[in-house]
Structures are given as structure tokens and as C-alpha cells.
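**Student:**
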Amino acid sequence: MIQVPLDEQRQANLENWEDRVPVHTGPNGYALEDFDDPEHISRVVQFDRPRLGDISGLDVVHLQCHIGTDTVSLDRLGAASVTGYDFSPAAIDAARALAERANSNATFVEGELYDAVTVLGPSRFDLVFTGIGALIWLPDIDGWATVVAQLLRPGGRLFLRDAHPMLLSIADTSAENPSITVGHPAFGAAGPTRFEEPTSYEGDGTPLEHTITYQWNWSIGEMITALINAGLPIDTLTEHRTVPWNALDGAMVQVPPLGEYELADRPDRLACTFTLQASRPA
Ligand SMILES: C[S@@+](CC[C@H](N)C(=O)[O-])C[C@H]1O[C@@H](n2cnc3c(N)ncnc32)[C@H](O)[C@@H]1O
Numbered sequence: 084m085i086q087v088p089l090d091e092q093r094q095a096n097l098e099n100w101e102d103r104v105p106v107h108t109g110p111n112g113y114a115l116e117d118f119d120d121p122e123h124i125s126r127v128v129q130f131d132r133p134r135l136g137d138i139s140g141l142d143v144v145h146l147q148c149h150i151g152t153d154t155v156s157l158d159r160l161g162a163a164s165v166t167g168y169d170f171s172p173a174a175i176d177a178a179r180a181l182a183e184r185a186n187s188n189a190t191f192v193e194g195e196l197y198d199a200v201t202v203l204g205p206s207r208f209d210l211v212f213t214g215i216g217a218l219i220w221l222p223d224i225d226g227w228a229t230v231v232a233q234l235l236r237p238g239g240r241l242f243l244r245d246a247h248p249m250l251l252s253i254a255d256t257s258a259e260n261p262s263i264t265v266g267h268p269a270f271g272a273a274g275p276t277r278f279e280e281p282t283s284y285e286g287d288g289t290p291l292e293h294t295i296t297y298q299w300n301w302s303i304g305e306m307i308t309a310l311i312n313a314g315l316p317i318d319t320l321t322e323h324r325t326v327p328w329n330a331l332d333g334a335m336v337q338v339p340p341l342g343e344y345e346l347a348d349r350p351d352r353l354a355c356t357f358t359l360q361a362s363r364p365a
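Residue numbers (this note's numbering): 84 to 365.
1) Where does the unbroken alpha helix (DSSP H) through PRO350 begin, and where does it stop?
2) Take ASP117 and list the residues in its own chain whose beta-carbon comes closer than 6 Å to its own, dropping the five residues that flank it on each side.
3) Between which two residues does the alpha helix (DSSP H) holding ARG103 run?
4) Please go through the same chain and pick out, in chain order, the residues whose beta-carbon is closer than 6 Å to the beta-carbon of PRO261, but skip the five residues on each side of it.
5) Is GLN147 near ligand 1 - that is, is its Cβ less than 6 Å away from at least one heavy atom of it?
6) In angstroms, rounded to a whole number, what distance separates the CA positions of LEU115 and ALA174?
7) For ALA361, count the other beta carbons within 10 Å of its own beta carbon; 16 or more makes it buried, fewer makes it exposed. Which is it?
8) Report the CB separation of GLY112 from GLU285 in whole angstroms; it is logged as a contact under 8 Å.
9) In whole angstroms, what separates the C-alpha of ALA232 from that of LEU218?
10) How do the stretch 119-134 and the stretch 313-332 stand: do at least 3 beta-carbon pairs fall below 8 Å, yes or no?
11) Apart from the five residues just before and just after SER283, which ones in its own chain have a Cβ nearer than 6 Å to its Cβ?
12) Is TYR344 helix, strand or coil by DSSP?
13) Quick one: what's TYR50 bridged to in DSSP?
14) So who's on the other strand from MET335, going by DSSP bridges?
15) Sorted by chain position, which residues of the same chain lie with C-beta nearer than 6 Å to GLY270's C-beta, five sequence neighbours on each side aside?
16) List the DSSP bridge partners of HIS145.
17) Does the separation of the CB atoms of ALA189 and VAL155 fall below 7 Å?
18) Taking only three categories from DSSP, how would you classify ALA361?
19) Closest to LEU221 by C-alpha separation, out of ALA95, VAL143 and ARG126, would be which residue?
20) With distances taken from CA atoms, which of ASP225, ALA347, TRP328 and SER252 is nearest ILE311?
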């Protein structure tokens, strides 16, 4: 079990995310220039659209919005308002710059996830949108579910698409060794795993200064239990074979129509992402 205090783990994660922002806004990063086309929607939100449905007229909050590519995309789908929220000042600056460049009305607020109700206000949103690398950064799944429940208006909905805990339990692979083995805990309650990664998952390979992170692999059961206990019954849960980034080096191929990644060999073996929706009763 890791002995590092929680505030030091959070600080390490924050410094790591601060470092990643210039890499993600740079060459081979999140392709921000694509948003110069007013019709452009991020690949993540394109994937989500069939399950997301019509969001026109809704007040939306995007938790852990990073540099705002999905946030601006949600705004382009006709939401009444879209608020991005993230604890990284550099990410919020980059997101605001993207919104200006993209001529988007999305707004961005800096804050700790667990402070979101205090910062943004209770019962303010019709839709909480979150995911793709979000929950692993959170040490308390029950606290997260409570925040989501309190941000929603009665009748409001959570839309979560994130990396599947089955994928996140797989040990690192490489071109030389693409075999799939279980290497990490499959339960967030087991505590965080300490990772040391010299570069980010996107970008041009620029070395990061802060390379240590702490990540929790919350199981589907832990997420569902936390949501139900917070007063958010589950509406749907769908598991997917694909993930937006090359999560297992040497073991994945890109597939149409959106260029997401799945196992090259027998992709039915691995759930890579999931979409979970839950609602606050009206
Ligand atoms: C992988 S990114 C999410 C990416 C986003 N789904 C996208 O593709 O643009 C994770 C984000 O969570 C944010 N984050 C991590 N821990 C947080 C916390 N405790 N409170 C608020 N934001 C946090 C990071 O700053 C980072 O921007």
C-alpha cells in the first residue's frame, strides 16, 4: 500500500497535468486547428452522440474538461450553456483560448472536483458530462458520485464514458512484448498505483518535468454502488471494444469509422471503454 499522503498525491497529479497542457496544445496533440472548421466536433463527442441524444437547450457541466475540446464540441451540439471545470490552471487557460478561437460560448472554471458544488452551485445542471481518463484521478468514488448528484437538477442526467477498469488493469505492453497480462489492481479501494511516465499519451514526445502520478482503478461495481448510494439510479451501461488513444503499445490497431483503437488480435477479449448513464429522479 502506498504511504504518500493524499495531498502529495494530488499535488503530483496536478503538476503532471500542468506539464501536459503545452504538450497537448502543441504538435501531434489535440489538433486544436480542427476547431477552425465551425462544424468540427471532437472524435470523443462524435462517438458519444448516438447515446448522448439531443442536448439542445440543456445546461451542461463538463467535469475534468482538460483543454476543452469536448466542452466546445458539446456547445456546438446546441446546449443552452456549457461549463468546463478542471483543477489545472494551464488547462483552463488553454480551454478559454480554444473557446475564443472556435467562437464558442463555452465557459471554463478552475477548481478541485470535490469543491465543484461549492464553486458552481447546487442543482444547477441538466447534464453532467465526464470521462475519457477522468475517474482514475479521483481518490474517493463516493465523494465523486455525491458531487455529481448535487450538481444535477431533479430529472438531470449523468453521462460518463471512460476507460474500462478491465483495460486499466492490463500491464504495459510494447512492440516487442504485446501480450496481455493483468498487472494492476481491479478495484479503486485497493488504493492508487504509482506511475512514472516520461512523456504524455498525446503530443510530440516532449519530456515531462513531473513524471510521477497516482491513479485509482475504480471497478464498474464501485462506480455503480457509489452512484446508487448518492441517489442516482443507473439508466444504461454499455461496454465498448475501442478506446480513443493507443492504450496498449504494440497490441492495438486503429479502426473505422472514428480511428479509435482496439486489440489487434481477438478484440472481443477486452472491454476498453464504457458508457454509463444515471439520472437524478424528478
Ligand atoms: C485525461 S484528462 C480528461 C481529458 C478529457 N476527457 C479530454 O479528453 O479532454 C483528466 C483531467 O482531469 C483533471 N483532474 C485531475 N484531477 C482532478 C481533480 N482532483 N479535480 C479537478 N480536475 C482534475 C486534469 O487536470 C485533467 O485535465
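Idealized CB from N, CA, C, for every residue including glycine.
**Tutor:** Considering the structure as presented:
1) For PRO350, no alpha helix (DSSP H) run applies, since DSSP gives it neither H nor E.
2) Only HIS123 meet the Cβ criterion.
3) ARG103 -> alpha helix (DSSP H) spans 89-107.
4) Closer than 6 Å at Cβ, skipping near neighbours: GLY333 and ALA334.
5) Yes, Cβ of GLN147 sits closer than 6 Å to a heavy atom of ligand 1.
6) Distance between the alpha carbons of LEU115 and ALA174: 13 Å.
7) Looking at its Cβ environment, which holds 16 or more other Cβ atoms inside 10 Å, ALA361 is buried.
8) A Cβ-Cβ distance of about 5 Å is found for the pair GLY112 and GLU285, placing them in contact under the 8 Å criterion.
9) In this structure, the CA atom of ALA232 is about 15 Å from the CA atom of LEU218.
10) At 8 Å Cβ cutoff, the stretches touch.
11) Around SER283: ARG103 and VAL106.
12) It is a strand residue.
13) Outside the displayed range of the chain (84 to 365) lies residue 50, so it cannot be described from this structure.
14) DSSP, once it has assigned bridges, lists LEU346 as partnering MET335.
15) In the sequence as presented, Gly is not what sits at residue 270; that position holds Phe. Result list for PHE270: SER302, in chain order.
16) Beta-bridge pairing links HIS145 to GLY167 and PHE212.
17) Between ALA189 and VAL155, the C-beta spacing is below 7 Å.
18) Looking at ALA361 - three-state DSSP - the assignment turns out to be strand.
19) Minimum Cα distance to LEU221 is reached at ALA95.
20) ASP225 is the residue among ASP225, ALA347, TRP328 and SER252 whose C-alpha sits nearest the C-alpha of ILE311.
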